[in-house]
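Below is one structure, written out as structure tokens; the observations come after it.
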Amino acid sequence: MDFYVVLARAGSRVAKRRRAPGRVGPSHRVTRDEAVKWFQQKMLRTAFFQYDGIILPPKPKVKRAIHRRR
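The numbering used here applies: residue 197 is where the sequence shown begins, and numbers increase by one.
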């Protein structure tokens, strides 16, 4: 069985909404290390849910061309 989890703090919709969009500050974003640490603490210790999987390394980032305004 394959599954994936998306972790975000409350208020992440602020950056995605159409009316009155805002920015999510760097201290409010969830980093990969925080997500892995949370998953290991919460899910791996639960006797009800035995996880026999691995945490994959991140995909390499692709550099894109920067378009500048003239």
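The beta-carbon is built from N, C-alpha and C at its ideal position, and this holds for glycine as well.
Sequence-distant residues of its chain with Cβ nearer than 8 Å to Val226 (five each side left out)
The residues are Leu203, Ala204, Arg205.
Roughly how far, in whole angstroms, is the beta-carbon of Arg219 from the beta-carbon of Ala231, given that I think they are within contact range, below 8 Å?
The beta-carbon distance between Arg219 and Ala231, rounded to whole angstroms, is 21 Å. This is too long to meet the 8 Å contact definition.
Beta carbon of Pro254, beta carbon of Arg228: below 8 Å?
For Pro254 and Arg228, yes; Cβs fall inside 8 Å.
Work out the CA separation of Ser208 and Arg215 for me, nearest whole Å.
Rounded to the nearest angstrom, the two C-alpha atoms are 14 Å apart.
Do you know offhand how far Arg213's Cα is from Gly221's?
The C-alpha of Gly221 is placed about 16 Å away from the C-alpha of Arg213.
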